[in-house]
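Read the structure below first, then the notes.
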Amino acid sequence: MLMARLIRSTRFEEFLARKWSSEKRFGLEGCEVLIPAMKTIIDSSSAAGVDSFIIGMPHRGRLNVLANVCRKPLEKIICQFDSKLEAADEGSGDVKYHLGMSHERVNRVTNKYIKIAVVANPSHLEAVDTVVQGKARAEMFYRGDSDGKKVMPMLIHGDAAFSGQGIVYECLHLSDLPAFTTHGTVHIVVNNQIGFTTDPRSSRSSPYCTDVARVVNAPIFHVNADDPEAVIYVCKVASEWRETFGKDVVIDLVCYRRFGHNEIDEPMFTQPLMYKKIAKQPTVLAKYAESLINNGVVTQQEYEEEMAKYDKICEESYSLAKKETAVSNIDWLDSPWSGFFEGRNPMEMPTTGVHEETLQHIGKVFSTPPEDFVIHGGLKRVLKGRANMVAERQADWALGEAFAFGSLLKEGIHVRLSGQDVERGTFSHRHHVLHHQNIDKKTTIPLNNLYPDQAPYTVCNSSLSEYGVLGFEVGFSITNPNALVIWEAQFGDFANTAQCIIDQFISSGQAKWVRQSGLVMLLPHGFEGMGPEHSSARLERFLQMSNDDPDYFPVEGPNFEMQQLHDTNWFVCNLTTPANFFHAMRRQIALSFRKPLIVMTPKSLLRLPEARSSFDDMTEGSTFQRLIPSTSCEEPMKVKKIVFCTGKVYYELVKERSQKHLKGEIAITRVEQLTPFPFDLVKQEIQRFPNARLCWAQEEHKNAGAWSYVEPRLRTVCRKLGKPKKIEYAGRFSSAAAATGNKQMHLMELSQLYDAAMDISPQPEGAY
């Protein structure tokens with residue numbers, strides 16, 4: 015069996031090399047033993063009861079794994095080499111060695127049914143590690159597999175990446191955390207002793223590339239990849255270790271890379287001596303077959319028949335592939351949601367309001383101190399304040415959030431919130447986990463005690479990692495569409511250490527891999543004089559990655575809003591009311607498709623009395639507001655200026671307008687949802703005030719915030735109306751730093767913003 019597996023692994027690469035000699039495929043030559051190694055781990059674990067394997071791996075050997083471990087139909091893989099075939103479905107697609115898949119089949123050794131998913135990944139090495147962990151954890155959660163006996167993650171690594179990429183360390187440190195553990199991952203390092211062109215002496219300071227795994231006391235097996243029986247033995251021990259102890263284990267396959275980094279690369283430029291030796295090295299299959307034949311285990315004829323049998327399979331698949339007329343991205347989906355899209359109308363407007371009694375009930379539980387439980391004195395005041403708000407049918411931000419979560423839990427939707435300090439909330443506003451003041455580790459979560467048949471609520475402080483934890487939550491979110499999965503940054507400023515996950519998975523995941531995700535990112539954002547690292551979630555970056563066209567005014571009609579939501583790659587919001595936040599959260603689940611939601615969440619608004627919502631804005635019939643029109647101007651013809659803005663600067667502008675007695679002359683309009691841009695509502699607002707100048711006001715610097723995104727879109731609306739107008743700017747000047755650290759400078763910048771926004775002095779004529 016081992017020989018047959020080696021034949022498949024070796025001949026597959028040789029077949030591809032014969033047919034497409036100049037095509038990049040990142041072959042496995044030099045570590046062909048990876049295929050029997052992975053199959054042994056799957057056999058062993060399947061025998062112990064595991065029936066779902068979630069695999070993350072880089073490009074090297076990926077096509078071989080898809081063909082020979084997952085048993086993806088060969089003709090589907092071969093189609094990816096045909097440059098003439100068009101994609102049959104939407105999206106940009108991705109190169110063949112990044113694609114994922116999900117496949118169910120019978121394991122021939124154990125005769126048990128197994129499911130294998132290979133998670134799609136970018137070229138950013140190791141970025142997929144925690145995505146795999148999150149997907150595995152989610153599957154365990156939904157299946158009630160509390161100790162990982164049914165679901166198992168496997169990660170394949172390269173030697174240079176395993177020691178070089180910090181995400182590996184972040185991933186290992188999630189391995190034993192209560193809300194993140196997957197009860198042991200089997201790591202296999204394809205250690206070909208080179209990283210592209212870099213020698214180990216230049217790529218790590220430790221003796222072994224696997225030394226990073228020592229931080230969690232994982233056993234590490236170093237094994238010669240040219241000794242297949244030793245490799246198989248180690249793989250059995252590794253899977254037994256994981257089965258017995260539920261902890262991570264590492265296999266270091268010490269091998270080589272027969273060709274260059276890719277098939278058209280010349281390795282002799284940089285490693286001449288190494289590659290002279292490799293040229294003389296027989297393949298592992300040749301060495302092993304010779305040993306089996308010499309020992310009388312198989313005959314030369316049996317060996318040749320086995321080779322011919324697999325060659326025939328490859329050739330037949332090649333002929334089948336020629337009959338394919340298109341490549342289908344959906345064939346490469348790593349997380350299919352069976353039944354989710356069937357029979358649902360993507361243009362159906364979601365209803366997000368709830369019954370008044372639901373709000374009253376959640377509000378009561380959320381504001382009542384638990385019995386026989388000693389809580390902090392300050393918390394008693396917080397709960398009393400909440401109870402008063404509920405009695406007055408009002409909600410602040412924390413209450414609005416609790417209403418969104420609680421109402422979804424009531425409907426059987428699991429809610430998971432993770433990130434740094436999310437249990438209490440960075441700004442001490444949330445308090446979802448109450449701690450007994452006299453008994454260690456005794457806690458209670460009120461939102462888990464709302465209804466007897468509610469879905470569970472998971473709220474968990476994470477390790478101090480953004481890149482790793484955000485990746486984990488992406489993996490969690492792609493597993494099941496009927497869950498609200500949220501990651502909150504401690505401050506939005508710190509989200510950029512997870513930029514790789516945002517760029518490669520969240521903003522582009524659907525375009526590249528037809529994979530939807532309803533993940534929510536909550537990013538505290540707002541300029542309050544706290545300095546350059548506690549002010550900005552870099553709204554401009556999310557807007558720049560939005561796929562809507564600034565120069566195109568979408569076709570107006572009854573489905574305008576839904577068509578926009580359907581076509582965008584994500585939603586980007588900067589909300590000003592708890593009710594709108596409530597609706598945005600509920601809309602994530604009410605929609606008949608899934609998109610990521612990016613929210614610039616407030617800091618000062620959490621406690622601002624003006625930033626409260628009435629229950630009327632959350633009960634049945636109420637809905638999400640993409641734009642909140644100006645309400646103060648009773649005589650629209652007399653309005654001299656419309657100030658469009660987004661986020662908490664609205665409340666500051668209203669206060670400034672009031673102090674300057676300009677209520678009838680300046681209209682202030684809130685754009686709550688920036689992506690997709692509410693062209694239709696902006697158009698209505700401009701039409702309401704025909705004599706008004708247009709201004710965009712923001713608290714961010716001119717080279718940041720929403721200005722460069724909004725300005726061309728406002729011009730598009732004006733063009734549509736046949737009235738080109740100058741779009742004035744009110745805000746901070748351009749700056750390299752996100753914000754000033756000097757309090758005096760902060761106040762000076764604010765007064766400039768207010769002056770520019772409130773300026774209604776006559777302007778020289780001129781449009782652009």
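Our numbering runs 14 ahead of the 1-based position in the sequence shown.
Backbone N, C-alpha and C fix where the C-beta goes; we use that ideal spot for every residue, glycine too.
Just so you know, these numbers come straight off a predicted model, no measurement behind them.
Just to confirm, are H187 and S477 a CB contact at a threshold of 8 Å?
yes
Of the listed residues I656, V724 and L641, nearest to C647 (C-alpha basis):
I656
Would you kindly report the start and end of the unbroken beta strand (DSSP E) that includes P214?
Taken as a continuous stretch (DSSP letters only), P214 belongs to no beta strand (DSSP E), being part of the alpha helix (DSSP H) at P214 to S217.
By a C-beta neighbour count over all protein chains shown, 10 Å radius and 16 as the cutoff for buried, is Y782 buried or exposed?
In this predicted model, Y782 has a pLDDT of only 40, less than 50, meaning its place in the structure is not dependable enough to derive any value.
Which listed residue (S522, G482 and A497) has its alpha carbon closest to that of A509:
Minimum Cα distance to A509 is reached at G482.
Are there three or more Cβ pairs, one per stretch, closer than 8 Å when the region 450 to 459 is compared with the region 518 to 538?
no
Return the first residue and the last residue of the alpha helix (DSSP H) that R707 is part of.
Not the alpha helix (DSSP H): R707 falls in the beta strand (DSSP E), residues R707 to H715.
Can you tell which of V165, R39, C45 and M762 has the C-alpha that lies nearest to the C-alpha of L113?
R39
With three or more beta-carbon pairs closer than 8 Å as the criterion, would you say the region 319 to 334 touches the region 22 to 39?
yes
Taking just the CA atoms, how far does Y723 sit from C587?
13 Å
Output needed for A335: all residues of its chain with C-beta closer than 6 Å, excluding positions within five of it in sequence on either side, in chain order.
Hits under 6 Å: E89, I92 and C93.
For the beta strand (DSSP E) that contains F585, what are its first and last residues?
F585 -> beta strand (DSSP E) spans F585 to C587.
Report yes if the CB atom of S137 is closer than 8 Å to the CB atom of S177, and no otherwise.
The Cβ atoms of S137 and S177 lie no closer than 8 Å to each other.
Output yes or no for whether 8 Å exceeds the beta carbon distance between E502 and L448.
no
Can you tell me whether DSSP reads Q179 as helix, strand or coil?
The answer is coil: DSSP assigns Q179 none of H, G, I, E or B.
Fully enclosed by the region 673 to 742, which alpha helix (DSSP H) runs are 4 residues long or longer?
693 to 702 and 721 to 735
Return the Cβ separation of I202 and I170 in integer angstroms, given the expectation that the two are a contact with Cβ distance under 8 Å.
5 Å
Taking Y317 as part of the beta strand (DSSP E), name the residues at either end of that continuous run.
For Y317, no beta strand (DSSP E) segment is defined; the enclosing uninterrupted segment is the alpha helix (DSSP H) at Q314 to K336.
Residue(s) in a DSSP beta bridge with R430
Checking the DSSP bridge columns, you'll see R430 partnered with T472 and V499.
Opening and closing residue of the alpha helix (DSSP H) in which F567 lies:
First-last for F567: undefined, no H or E at that position.
Considering Cα atoms alone, identify which of M17, Q314, A131 and P460 is closest to W346.
Nearest Cα to W346 within the set M17, Q314, A131 and P460: A131.
For G614, does the count of other Cβ atoms within 10 angstroms reach 16, so buried, or fall short, so exposed?
Note on residue identity: the sequence assigns Met, not Gly, to residue 614. Buried.
Contact belief for T196 with P167 at Cβ below 8 Å, rounded distance in angstroms:
5 Å
Given this structure, state the Cα-to-Cα distance separating F629 from A405, to the nearest angstrom.
Between F629 and A405, the C-alpha separation is close to 10 Å.
Measure from the alpha carbon of G719 to the alpha carbon of each residue in T660, M403, P572 and V47, then state which is nearest.
T660
Could you check the C-alpha separation between E699 and N705 for me, to the nearest Å?
12 Å
Taking 7 Å as the limit between beta carbons, can you name the residues of its chain near T224, skipping five residues before and five after?
F176, V203, I234, V264 and D266
Option in N205, N231 and S253 with minimal Cα separation from Y222:
N205
Taking C-alpha atoms, which residue in T382, F574 and L464 lies nearest to M361?
The shortest C-alpha to C-alpha distance from M361 to any of T382, F574 and L464 is the one to F574.
Helix, strand or coil for E67 per DSSP?
Strictly speaking, residue 67 in this sequence is Phe, with Glu absent from that position. Strand.
Secondary structure of F658, DSSP reduced to three states:
strand
Grouping DSSP H, G and I as helix and E and B as strand, with all else coil, what is Y270?
coil
Take the Cβ of K33 as the centre, count every other Cβ of all protein chains shown within 10 Å, and call the residue buried at 16 or more, exposed below.
So K33 ends up on the exposed side.
When L619, K654, K609 and E686 are compared against T637, the one with the closest alpha-carbon:
Nearest in C-alpha terms to T637, of all of L619, K654, K609 and E686, is E686.
With I49 as the anchor, note down where its alpha helix (DSSP H) starts and where it stops.
L48 to A61
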